[in-house]
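Reviewing the structure listed below.
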Amino acid sequence: MSDAANTYDAGHIQVLEGWAAIRKRPGMYIGSTGEQGLHHMVFDVVGRAVNEVLAGRADSVEVTLTPDGGVRVVDDGPGIPVEATGNAGGSGVEALLTRMHPGAEPGGRHAVATSLFGTGPRVTNALSSRLTAEVWREGVHWVQEYARGVALTPLTAVGPTDRSGSAIAFWPDTEIFGTAECSFAVLAERFRELAFLNRGLAVSLTDERPPGGARSVRLRFPGGARDFVAFLDAQAGAPVHPDVIGFEREDPRMSGTIEGALRWSGSHEQRILSYANSEPTPHGGTHTAGFHDGVAAAVNAYAREHRLLPEEAPDLGADRIGDGLTAVVSVKLDQPEFSGSTRGVLGGAAVRAGVARTVRRQLGTWLEGHPEQAAAIVGRINRGTRQG
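Residues are numbered in our numbering as their position in the sequence shown, beginning at 1, plus a constant of 26.
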């Protein structure tokens, strides 16, 4: 090979900055340029609105899929700040939609982190052919228009208002996403999860695209994890015990809270869903390990105390106890520790110990207070053990 062919210097490096970098490599920020990427954009915008509710500043979030391919997200909070922020100037709206790092993203147990990179609506703005931000704040209605991440107009007061809140409407750029469309079912499933895991949250999803007329769903579940297990159990066969067992407790030693719910059915399927700060942890982690520890300890202690197991018999194993069990385990932590960048596995030894303590104590108390149902549960596990 010639010397020219082997030469590699700074002139060969292409530096992309700002929106150009995002639009050149969108998969780095949203995972794909198909349906999955579109949903990620929606979740990033919805996450900001949901956090307004979780912070106690708003009551509900409304998401609409419009016939022209747009997505509109509205909350009834105080409205995105319109005054200048930081040293760079510009309004809070512009900071939210144009700066990659305008400040710390909301974090901790009282927030939903929907983006792996903490970019929020900024990437959505860059990957949209147009975006409109509306704010109703302190008696004034404000509007600003964007195209592919660039402001077309300044933030403009367009009139008085007697409402408060914010709306972000965006149209994904077909130059990037082609004909991909958002799935009503996928969005509804994720919003349903959020409503189950945050009992004060109300989310509505409306799809105006079907030619036969709009369809919509409103999601709010005051029972939290208990409602979640009942929903999951609907097709799991007859329950072994009528009550869904639920509990919620704060544990300072793990700097967070644990909420859980469980019920055994006649099915042989085990279904345990786990979450950390309202995000799915599909590969489990210390919270699920602690849950299994606590359930096994509580069931075995009850069975021994009430002589539902022969003295010479070994303890019931976690695998047998899990036969036919449907459960939801949700922890909300000030500083969650994840293994890997995808946040699929939760770490932290204190979490395992804290969840195990809570589950053992709460489940043990419930079993003592419901002897007939407790006997049915242990009997179900014993029958499964003999059959195994």
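Every residue gets a Cβ at the ideal spot worked out from N, C-alpha and C, and that includes glycine.
Predicted model only: the values in this text are computed from it and were never measured.
Using the beta-carbon count (16 or more within 10 Å), is residue i buried or exposed?
{"i": "K50", "result": "exposed"}
{"i": "D269", "result": "exposed"}
{"i": "H38", "result": "Model confidence at H38 stands at a pLDDT of 38, short of 50, so the residue's coordinates are unreliable; what they give is reported in the following sentence. By the neighbour-count rule (16 or more Cβ atoms within 10 Å), H38 is not buried but exposed."}
{"i": "R252", "result": "buried"}
{"i": "Q388", "result": "buried"}
{"i": "D188", "result": "exposed"}
{"i": "E305", "result": "buried"}
{"i": "G185", "result": "exposed"}
{"i": "R333", "result": "exposed"}
{"i": "G320", "result": "buried"}
{"i": "I407", "result": "buried"}
{"i": "P362", "result": "buried"}
{"i": "D199", "result": "buried"}
{"i": "M54", "result": "exposed"}
{"i": "V23", "result": "Given that the chain is displayed from residue 27 to residue 414, the structure contains no residue 23 and the question cannot be resolved."}
{"i": "G165", "result": "exposed"}
{"i": "Q399", "result": "buried"}
{"i": "P147", "result": "buried"}
{"i": "P236", "result": "exposed"}
{"i": "D94", "result": "exposed"}
{"i": "G204", "result": "exposed"}
{"i": "G129", "result": "Low confidence applies here, because G129 scores a pLDDT of 40, under 50, leaving its location unreliable and the question unanswered by this model."}
{"i": "T384", "result": "buried"}
{"i": "A276", "result": "The sequence given here has Glu at residue 276, not Ala. Exposed."}
{"i": "P52", "result": "buried"}
{"i": "R409", "result": "exposed"}
{"i": "D233", "result": "buried"}
Along the alpha helix (DSSP H) that carries residue i, what are the first and last residues, could you check?
{"i": "I202", "result": "200-203"}
{"i": "R216", "result": "210-223"}
{"i": "G226", "result": "Premise fails: G226 is in no alpha helix (DSSP H) and is neither H nor E."}
{"i": "R252", "result": "251-258"}
{"i": "T124", "result": "118-124"}
At what residues does the beta strand (DSSP E) containing residue i begin and finish?
{"i": "T283", "result": "282-290"}
{"i": "L245", "result": "241-245"}
{"i": "V166", "result": "166-173"}
{"i": "T158", "result": "154-163"}
{"i": "G26", "result": "With the chain covering 27 to 414 only, the question about residue 26 has no answer from this structure."}
{"i": "V99", "result": "97-101"}
Would you mind stating whether residue i and residue j have Cβ atoms separated by less than 8 Å?
{"i": "S356", "j": "L223", "result": "yes"}
{"i": "N151", "j": "T179", "result": "no"}
{"i": "V404", "j": "A323", "result": "no"}
{"i": "V99", "j": "V138", "result": "no"}
{"i": "L231", "j": "V76", "result": "no"}
{"i": "D85", "j": "D70", "result": "no"}
{"i": "G263", "j": "S300", "result": "no"}
{"i": "F196", "j": "G63", "result": "no"}
{"i": "L153", "j": "I106", "result": "no"}
{"i": "P208", "j": "V371", "result": "The sequence given here places Cys at residue 208; Pro does not occur at that position. No, the pair does not count as a contact, with Cβ atoms beyond the cut-off."}
{"i": "A177", "j": "E120", "result": "yes"}
{"i": "V416", "j": "R163", "result": "Here the chain comprises residues numbered 27 to 414, so residue 416 is not present and cannot be evaluated."}
{"i": "G134", "j": "D360", "result": "yes"}
{"i": "F217", "j": "L245", "result": "yes"}
{"i": "H318", "j": "A302", "result": "no"}
{"i": "A382", "j": "G310", "result": "no"}
When every heavy atom of the ligand GDP is checked, does at least one fall within less than 7 Å of the C-beta of residue i?
{"i": "I48", "result": "The ligand GDP is absent from the structure shown, which contains no ligands of any kind."}
At what residue ranges does the stretch 37-85 contain a whole run of the alpha helix (DSSP H), taking only runs of 4 or more?
-> Counting only runs of 4 or more, we get 44-50, 53-56, 61-80.
Stretch pair the stretch 327-341 + the stretch 256-270: three plus CB contacts closer than 8 Å | Flag = no, the stretch 327-341 and the stretch 256-270 do not touch.
Can you give, in chain order, each stretch of the alpha helix (DSSP H) that sits fully within the stretch 266-333 and has at least 4 residues?
-> With a minimum length of 4 residues, the continuous alpha helix (DSSP H) runs that stay inside the stretch 266-333 are 312-331.
Should the stretch 280-287 be regarded as contacting the stretch 369-388, the criterion being three or more beta carbon pairs within less than 8 Å?
-> Taking 8 Å as the limit for Cβ pairs, the verdict is that the stretch 369-388 does touch the stretch 280-287.
Is the stretch 342-353 in contact with the stretch 287-298, if contact means three or more CB pairs nearer than 8 Å?
-> Remark: three or more beta-carbon pairs, one from each stretch, lie closer than 8 Å, so the stretch 342-353 and the stretch 287-298 are flagged as touching.
What are the uninterrupted segments assigned as beta strand (DSSP E) that are 3 or more residues long and contained completely in the stretch 346-397, given in chain order?
-> Correct list: 351-359.
Contact the stretch 148-167 vs the stretch 229-242: 3+ CB pairs below 8 Å | Fewer than three beta-carbon pairs drawn from the stretch 148-167 and the stretch 229-242 are found closer than 8 Å, and the two stretches are therefore not classed as touching.
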